[in-house]
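**Student:**
Numbering (my numbering), first residue to last: 1405 to 1612.
1) Quickly, what does DSSP pair residue 1488 with across the bridge? List them, please.
2) Rounded to whole angstroms, what's the CA-CA distance from residue 1424 to residue 1444? Just pull it up for me.
3) How many Å lie between residue 1441 and residue 1497 at the Cα?
4) Secondary structure at residue 1575, three-state DSSP: helix, strand or coil?
5) Considering only the beta carbon of each residue, do residue 1548 and residue 1578 sit closer than 8 Å?
6) So, with DSSP's three-state summary, where would you put residue 1607?
7) Within 10 Å of its beta-carbon, does residue 1573 have 16 or more other beta-carbons around it, so buried, or fewer, so exposed?
8) Mark residue 1525 as exposed unless 16 or more other C-beta atoms lie within 10 angstroms of its C-beta, in which case mark it buried.
9) Helix, strand or coil for residue 1537 per DSSP?
10) Given this structure, state the Cα-to-Cα distance separating residue 1593 from residue 1556, to the nearest angstrom.
11) Could you tell me which uninterrupted alpha helix (DSSP H) segments, each at least 4 residues in length, are contained entirely in the stretch 1511–1556, listed from first to last along the chain?
12) If you pair each beta-carbon of the stretch 1471–1483 with each one of the stretch 1410–1419, do three or more pairs fall below 8 Å?
13) Return yes when the Cβ of residue 1485 is within less than 8 Å of the Cβ of residue 1513, no when it is not.
14) Roughly how many angstroms separate the alpha carbons of residue 1419 and residue 1561, rounded to a whole number?
Structure representation (structure tokens):
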């Protein structure tokens, strides 16, 4: 398509990577491999017998370790659109595909109902197609807020400590959001813009 190949690394990202290597590659997203990924860098390989200790999910991200942007747009004629842009979690496994590019997981839109976008722990959230499910709830008549809350509740049933949030908007322009409450994550902030305002405004919801 005519794009020029270029190195997107920066001095800051190179420094982050060097520090990460110096700290035995901590944190990382490897599980059920040898050597012990909580103590050593790779290369890793599968153990002869996989074990499941049943421990709760441990968040390896932080507020500055990702840059996912989800956008939901409703045109005055009722047309909808949703999209995402992400660099993904720091230190992710090579070849990992997150939830953002998967239709129905990172984002979903349908002119007959509305649109939604999700953010958070993609490795868990993509299993539930939260954006698609939120749009289906709105198709059945639920408000955007309730649709988002129901999606979060579905995931909570299986992963009560997951990190994530969903934003929703229906074809009439109503919108809402919901998030899973954690000790360090009690509110979700998002930006809203429409033809009646001169600039985007920040809104927030309490997590459930």
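Just so you know, even glycine gets a beta-carbon here, dropped at the ideal spot from N, CA and C.
**Tutor:** The structure says:
1) 1474
2) 11 Å
3) 12 Å
4) Three-state result, residue 1575: coil.
5) Contact: yes.
6) strand
7) buried
8) buried
9) It is helical.
10) 16 Å
11) 1526–1529 and 1534–1543
12) no
13) Result yes, Cβ atoms of residue 1513 and residue 1485 sit closer than 8 Å.
14) 39 Å
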